[in-house]
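So the number in my numbering is just where the residue sits in the sequence shown, counting from 1, plus 4.
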Amino acid sequence: AGWRASAAQALAVTAELERVDAAVADAQADRVRLEGDAAGAARRRDEAAGRATGHRTRLEAELEGAADLATALAAAATTAVSCDAVLEAAGAAERAAAEAVRTAAAAVTAAQAAGFGSVDEAAAALRTAVWRADAEQRRRAHDDARAGASAALAEVELQDLPQVPAAVEGATAALETADARLRAAGGAEAAAADRVRALALLVPELDAAAEALEPLIASAAQARRLADLCTGGGSNALRMTLTSFVLAARLEQVAEVASARLLRMTQGRYSLVHTDGTAKGGARSGLGLLARDTWTGQDRDTSTLSGGETFLASLALALGLADVVQAEAGGTRIEALFVDEGFGTLDEDTLDEVMDVLDGLREGGRVVGLVSHVAELRARIPAQVRVHKTRTGSSLELVGV
């Protein structure tokens with residue numbers, strides 16, 4: 005009811021402002037018109053006065069200073085008419101100004117009565133016809149909604165409701181949350197149904213593919229076991245790779261041939277034995293060698309040999325490898341063999357045995373070259389290449405060639 009009263013009051017103020025604006029506009033138009041009439045009258049008066057002065061001058065000149073009565077009367081009448089017009093215009097302008105003042109005062113009074121501080125505020129509050137129509141429509145919609153709510157609350161079933169107002173905002177928020185969860189659940193259910201239908205189509209295909217894959221899995225497992233066996237893994241207890249297995253066969257041949265020379269160089273004490281035992285620390289095996297000591301009847305690790313014994317074993321292996329390679333190459337001879345150092349670790353008897361073995365190789369037509377700093381070898385080797393070092397470089401000297 006208060007809102008409708010304010011709206012009615014605003015409409016009344018609007019109508020009064022429109023009437024005041026129209027009155028002010030009319031007064032301003034009258035004033036402008038009267039001021040124009042007064043200016044025209046003053047202009048005509050001035051023009052008449054000028055013409056009268058000119059006529060008088062001409063008459064006086066023509067009549068030797070005597071004025072014509074008719075002309076004087078006409079000029080006087082015109083001046084009088086002009087003066088009357090000016091007075092009338094001035095009075096109309098004063099009346100229009102007074103009316104404008106009264107109209108402005110009425111507008112101020114009406115604006116203050118409507119609750120506005122000034123006419124400008126009232127003019128700013130003025131709304132267009134479209135806005136007023138929309139506001140009226142919204143007011144009617146609000147009244148209809150209010151009437152519907154009142155009618156619903158007046159039903160018998162709602163008479164026993166609690167007097168404490170319900171938390172509408174909280175309930176609305178909970179309802180919106182529940183709606184959102186319901187929509188999400190509906191979407192999840194639809195997605196799950198789509199997945200179920202897709203799975204129903206894919207499961208038979210998957211079963212068929214798995215059935216077809218079983219032979220391939222078995223073949224792959226067999227290939228994997230074979231690959232692990234070849235790489236030293238899986239059921240390969242020795243952790244020996246296929247390459248190591250092949251090399252082990254050759255190493256047995258090399259060890260057998262090398263043992264014949266090593267027994268001679270060690271007065272029948274040491275020979276070399278191939279072993280495929282598991283290496284320490286879980287390392288791969290298959291290429292191990294042991295030194296068999298015939299004096300003790302024990303197989304020793306080659307790392308327990310002395311420096312001279314290690315040199316003899318290495319020399320025997322090199323010679324055995326050369327013999328095996330020569331045999332595998334269809335009897336192709338290895339014409340030259342070079343031994344670098346190691347002679348300084350041998351005692352005199354052992355050195356004699358080594359030199360006898362090397363002489364035996366040389367007697368078969370093979371060239372044997374020894375690289376050493378041991379002075380005793382100079383007396384045993386007739387053909388020598390001596391290297392002399394100086395500040396300006398090294399030089400070679402051939403001896404016994």
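C-beta: ideal position from N, C-alpha, C; glycine also. Given the structure is predicted, the values throughout are model-derived calculations rather than measurements.
Span of the beta strand (DSSP E) holding Thr279? Numbered from its first residue, the sequence shown carries residue 279 at position 275. For Thr279, the uninterrupted beta strand (DSSP E) run begins and ends at Tyr274 to Thr279, by DSSP.
Does Ala19 pass the burial test, meaning 16 or more other C-beta atoms within 10 Å, or should it be called exposed? Position 15 of the sequence shown, counted from the first residue, corresponds to residue 19. Ala19 should be labelled exposed.
For a quick check, are the C-beta atoms of Val361 and Met269 less than 8 Å apart? Within the sequence shown, numbered from 1, the residue matching residue 361 stands at position 357. Within the sequence shown, numbered from 1, the residue matching residue 269 stands at position 265. In this structure, Met269 lies closer than 8 Å to Val361 by Cβ.
Considering only residues of the same chain and omitting the five flanking positions on each side of Ala24, which have a CB-CB separation below 8 Å? As a working mapping, residue 24 is identified with position 20 in the sequence shown. In the sequence as displayed, the identity of residue 24 is Val instead of Ala. The beta carbon of Val24 is closer than 8 Å to those of Thr107, Ala108, Ala110, Ala111 and Ala114 in its chain, skipping five residues each way along the sequence.
Go ahead and pull the three-state DSSP assignment for Ser310. Residue 310 sits at position 306 when you count from the first residue of the sequence shown. Of the three classes helix, strand and coil, the one that applies to Ser310 here is coil, per DSSP.
Contact set for Gly292: own chain, Cβ-Cβ below 6 Å, skip 5 residues either direction: The residue labelled residue 292 in the question sits at position 288 within the sequence shown. Excluding sequence neighbours, Gly292 sits near Thr279.
Could you check if Gly190 is buried or exposed, using at least 16 other CB atoms within 10 Å of its CB as the buried criterion? Residue 190 sits at position 186 when you count from the first residue of the sequence shown. That one is exposed.
Confirm, please, whether the CB-CB distance from Leu316 to Val343 is below 8 Å. Within the sequence shown, the letter at position 339 stands for residue 343. Within the sequence shown, the letter at position 312 stands for residue 316. Pairing Val343 with Leu316 gives a Cβ-Cβ distance that is not under 8 Å.
Three-state secondary structure (DSSP) of Glu300: Translated into positions along the sequence shown, residue 300 becomes position 296. The question names Glu, but residue 300 is Thr in the sequence shown. Looking at Thr300 - three-state DSSP - the assignment turns out to be coil, as it is neither helix nor strand.
Distance, Val85 Cα to Val28 Cα: Position 24 of the sequence shown, counting from 1, holds the residue named residue 28. Position 81 of the sequence shown, counting from 1, holds the residue named residue 85. Taking the straight line joining both Cα atoms gives about 30 Å.
What did DSSP end up calling Val361 once you bin it into helix, strand or coil? Residue numbering aside, residue 361 sits at position 357 when the sequence shown is read from its first letter. DSSP places Val361 in helix when its eight states are reduced to three.
In the DSSP assignment, what are the bridge partners of Leu321? The sequence position of residue 321 within the sequence shown is 317, counting from 1. Partner(s): none; Leu321 has no beta bridge.
Quick check: the segment 295 to 304 against the segment 375 to 393, are there 3 or more CB pairs under 8 Å? They do not touch, by the three-pair rule.
Could you please give me the residues that DSSP links to Ala295 through a beta bridge? Here the question's residue 295 lines up with position 291 in the sequence shown. Partner(s): Leu276 and Arg304.
Local conformation of Asp344 per DSSP, three classes: In the sequence shown, counting from the first residue as 1, residue 344 sits at position 340. Assignment of Asp344 by DSSP, reduced to helix, strand and coil, places it in the strand class.
Would you decide whether Gly54 is buried or exposed? Buried here means 16 or more other CB atoms lie within 10 Å of its CB. Walking along the sequence shown from the start, residue 54 turns up at place 50. Exposed, because fewer than 16 other Cβ atoms sit within 10 Å of the Cβ of Gly54.
Would you call Glu98 buried or exposed, if buried means 16 or more other Cβ atoms sit within 10 Å of its Cβ? Taking the first residue of the sequence shown as position 1, residue 98 is located at position 94. Classification of Glu98: exposed, given that the 10 Å Cβ count is below 16.
Spatial neighbours of Arg265 within its chain, please: CB distance less than 6 Å, with the 5 preceding and 5 following residues excluded, ordered by chain position. Position 261 of the sequence shown, counted from the first residue, corresponds to residue 265. Within the same chain, Cβ atoms closer than 6 Å to the Cβ of Arg265 are found at Ala320, Leu323 and Val361, the five residues on either side in sequence being excluded.
Are the beta-carbon atoms of Ala42 and Val105 separated by less than 8 Å? In the sequence shown, counting from the first residue as 1, residue 42 sits at position 38. In the sequence shown, counting from the first residue as 1, residue 105 sits at position 101. Judged by their CB atoms, Ala42 and Val105 are not nearer to each other than the 8 Å cut-off.
Which runs of the alpha helix (DSSP H), 4 residues or longer, sit entirely within the segment 170 to 258? If we require 4 residues or more, the alpha helix (DSSP H) runs fully inside the segment 170 to 258 come out as 172 to 234.
Any idea if Thr61 is buried or exposed, counting beta-carbon neighbours within 10 angstroms, 16 or more meaning buried? For the purposes of this step, residue 61 is taken as residue 57 along the sequence shown, with counting starting at 1. A residue is called buried once 16 or more other Cβ atoms fall within 10 Å of its Cβ, and Thr61, having fewer, is exposed.
Counting only the same chain and skipping the five closest in sequence on each side, list residues whose C-beta sits under 8 Å from that of Val403. Residue numbering aside, residue 403 sits at position 399 when the sequence shown is read from its first letter. Correct list, in chain order: Ala387, Gln388, Val389 and Arg390.
Round the Cβ separation of Leu309 and Val258 to the nearest angstrom and send it over; I've been treating them as touching at under 8 Å. Translated into the one-based positions of the sequence shown, residue 309 becomes position 305. Translated into the one-based positions of the sequence shown, residue 258 becomes position 254. At roughly 17 Å, the Cβ-Cβ gap does not stay under 8 Å, so Leu309 and Val258 are not in contact.
Cα-Cα separation between Gln141 and Ala26, rounded to whole angstroms: Residue numbering aside, residue 141 sits at position 137 when the sequence shown is read from its first letter. Residue numbering aside, residue 26 sits at position 22 when the sequence shown is read from its first letter. Roughly 29 Å between the two C-alpha positions.
What residues match up with Arg390 in a beta bridge as DSSP calls it? Here the question's residue 390 lines up with position 386 in the sequence shown. Partner(s): Glu401.
Nearest-angstrom beta carbon gap, Ala101 and Arg35 [assumed within contact, 8 Å]: Within the sequence shown, residue 35 is the residue found at index 31, counting from 1. Within the sequence shown, residue 101 is the residue found at index 97, counting from 1. Rounded to whole angstroms, the Cβ separation of Arg35 and Ala101 is 7 Å, and the two are in contact under 8 Å.
Helix, strand or coil for Leu350, going by three-state DSSP, please let me know. Position 346 of the sequence shown, counting from 1, holds the residue named residue 350. Coil at Leu350, not helix or strand.
Could you please give the first and the last residue of the uninterrupted alpha helix (DSSP H) stretch that includes Leu374? Counting from one through the sequence shown, the residue named residue 374 turns up at place 370. Where Leu374 is concerned, there is no enclosing alpha helix (DSSP H), although the beta strand (DSSP E) around it starts and stops at Val371 to Val375.
So the candidates are Ala94, Glu103, Ala56 and Glu92; which of them puts its Cα closest to the Cα of Ala81? Your numbering for residue 81 matches position 77 in the sequence shown. The candidate whose alpha carbon is nearest that of Ala81 is Ala56.
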